[in-house]
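Note that our numbering has the sequence shown beginning at 332, numbered continuously upward. This report concerns only the one structure given below.
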Amino acid sequence: MSSPPLPPPSALAASAHLKPFGPLEQLSASAPWAIFPRKKLDVTYGDIAAGLFSCLTLREAQRDEYLQKIAQHWDPTGLSMVTLSVRYIAWPTGFDLLLQTLKLPPGSEIICSAITIPDMIYLVRYHGLVPIPVDLDADTLAMDTSKIRDVVTEKTRAIMIAHVFGTRHPLQEVLELAEELNLMVIEDCAQAFAGMAYTGDRRADVSMFSFGTIKNATAFGGALIRVKNADLLEEMKRRETRYQSRSTSFFIKRLLKYGALHGLSTPALYGVLLHACRSIGADHDKVITSAIRGFSGGDLVALIRHRPSMPLLGLLHRRLTCVDDAYIELRK
């Protein structure tokens, strides 16, 4: 499904809000020690305040209402579900549910992009499956479809295409090959959300999006997965209802933590942080990355098998219904 054309850059610049700090950004940048960070969270303090308000007002009895509102906004055909995303780079809860439900024979192979995150490979192997990497085209970062056929065997069950580093690739050739070989196509869009114009290729069997900490329209932990097979989706939903919900207090801590880190991305405060790290011989990139990670340590499977908390659902609903496509385009 093609996306509608975007306005020219001048129109985008005029319509997009100055985020995330508005005029404070310019004031902060005037400090002699100011340094602009390479990356900023795509969130405002209004969003964080709304998340905190949801912590006080939303109750478990409203779960079905919010799940339905979010899923319908994402995909009016009803073929999607909301899951937890517990790593700052991933959406493994939905992927784990998918692999649980598919019940593929041990030793089945899943063709995947050579560039992916360790959690993905871990989960494939955890379910007794074998990841088969395929190199990416150096110019487009798309999976080299000419090499897919070479690695297909009688054990191959699925092709998982990752849109990496904010890119999005045409799936036509992969879909045609998958149809010929009777393979499932799983679309990894964890890094590809760029507005509501694209919520996954309707021809793919599964499309997965993340709204983790460093993603566009972050909700600090939400994810959406679209599944073309309605029966498969219903079984995934049934399994997910067995999970415990993440606590409200856990989400409050996340909001406060990332609110503080977000403030450090103003040029003046970021400059102070960088110079402080240098003065004690610390690597500021490692310090920040360690602070941003969703969960560190522990059993990945135990961590991901939870339901999103109610305030997370409230914030995710706000982020999706208030998406600023013009700002996201400028942010690319």
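Backbone N, C-alpha and C define an ideal beta-carbon position, used for all residues, glycine too.
What do you reckon, is the C-beta of residue i under 7 Å from a heavy atom of the ligand MN?
{"i": "P407", "result": "For the ligand MN, the structure offers nothing, since it holds no ligand at all."}
Going along the chain, which residues of its own chain have a beta-carbon closer than 8 Å to the beta-carbon of residue i, five neighbours each way excluded?
{"i": "G438", "result": "G459, L460, V461, K486"}
{"i": "L372", "result": "P351, T544, I545, T549, Y589, L592, H593, S596"}
{"i": "V558", "result": "L410, S411, M412, L429, D536, V537, L564, M567"}
{"i": "Q575", "result": "H637, R638"}
{"i": "S640", "result": "S576, R577, S578, T579, F581, F582"}
{"i": "A402", "result": "G409, S411, M412, V413, L555"}
{"i": "S359", "result": "F352, A365, T597, P598, A599, L600"}
{"i": "R585", "result": "F551, G552"}
{"i": "T652", "result": "H404"}
{"i": "D614", "result": "C608"}
{"i": "R499", "result": "C520, A523, A525, Y529"}
{"i": "F367", "result": "A360, P598, Y601"}
{"i": "V465", "result": "I442, C443, S444, A445, M474, D475, K478, I479, V482"}
{"i": "E400", "result": "Contrary to the premise, residue 400 reads as Lys rather than Glu in this sequence. So the list reads H648, once near-sequence residues are dropped."}
{"i": "L398", "result": "M412, V413, L644"}
{"i": "Y664", "result": "Nothing in the structure corresponds to residue 664, since the chain is present only between 332 and 663."}
{"i": "V654", "result": "G526, M527, A548"}
Against chain D, with Cβ distances strictly below 8 Å, would residue i count as a contact?
{"i": "A554", "result": "In summary, chain D is missing from the structure at hand, where a single protein chain is found."}
Assign residue i to buried or exposed, taking buried as 16 or more other Cβ atoms, counted over all protein chains shown, within 10 Å of its Cβ.
{"i": "S621", "result": "exposed"}
{"i": "S578", "result": "exposed"}
{"i": "S610", "result": "exposed"}
{"i": "H648", "result": "buried"}
{"i": "L644", "result": "buried"}
{"i": "P363", "result": "exposed"}
{"i": "L355", "result": "exposed"}
{"i": "P501", "result": "exposed"}
{"i": "I446", "result": "exposed"}
{"i": "H606", "result": "exposed"}
{"i": "P423", "result": "buried"}
{"i": "L587", "result": "exposed"}
{"i": "G612", "result": "exposed"}
{"i": "Y457", "result": "exposed"}
{"i": "A509", "result": "buried"}
{"i": "Y376", "result": "exposed"}
Leaving aside the five residues before and after residue i along the sequence, list all residues of the same chain whose C-beta is less than 7 Å from its C-beta, in chain order.
{"i": "D468", "result": "D475"}
{"i": "T432", "result": "L563, E566, M567, R570"}
{"i": "E504", "result": "T476"}
{"i": "R390", "result": "M641"}
{"i": "Q357", "result": "none"}
{"i": "D406", "result": "T530, R557"}
{"i": "H494", "result": "H500, D519, C520, Q522, A523"}
Return the Cβ separation of residue i and residue j in integer angstroms, given the expectation that the two are a contact with Cβ distance under 8 Å.
{"i": "P536", "j": "N560", "result": "Correcting the residue identity first, residue 536 is Asp in this sequence and not Pro. The Cβ separation is near 7 Å, so the contact holds."}
{"i": "Q518", "j": "G531", "result": "Here residue 518 is Glu; the residue named in the question, Gln, does not match the sequence. Their Cβ separation, rounded to whole angstroms, is 6 Å, which keeps E518 and G531 in contact under 8 Å."}
{"i": "L646", "j": "D378", "result": "7 Å"}
{"i": "I492", "j": "V516", "result": "7 Å"}
{"i": "G553", "j": "S385", "result": "12 Å between Cβ atoms; not a contact."}
{"i": "P470", "j": "I635", "result": "Looking at the sequence shown, residue 470 is not Pro but Asp. About 34 Å separates the two Cβ atoms, so there is no contact after all."}
Let me check one thing: in DSSP terms, what residues is residue i bridge-paired to?
{"i": "S411", "result": "R557"}
{"i": "C443", "result": "P464, M491"}
{"i": "R638", "result": "S576"}
{"i": "D395", "result": "DSSP output for D395 lists no bridge partner at all."}
{"i": "V537", "result": "I517, V558"}
{"i": "M474", "result": "L467"}
{"i": "F542", "result": "G553"}
Which same chain residues, not among the five before or five after residue i, have their C-beta less than 6 Å away from its C-beta?
{"i": "I420", "result": "With a pLDDT of only 44 at I420, under 50, the local geometry of the prediction cannot be trusted, and no value is derived from it."}
{"i": "I463", "result": "E440, I442, V482"}
{"i": "A392", "result": "none"}
{"i": "R534", "result": "L506"}
{"i": "A381", "result": "R649"}
{"i": "N547", "result": "D373, F524, I659"}
{"i": "R604", "result": "Per the sequence presented here, residue 604 reads as Leu, with Arg not at that position. Contacts found: L595."}
{"i": "R488", "result": "L435, S439"}
{"i": "D630", "result": "none"}
{"i": "F540", "result": "C520, F524, L555"}
{"i": "G425", "result": "T414, M539, A554, I556"}
{"i": "L383", "result": "L586"}
Counting pairs of Cβ atoms below 8 Å between the stretch 515-529 and the stretch 465-478, do you hit three or more?
No, they do not touch.
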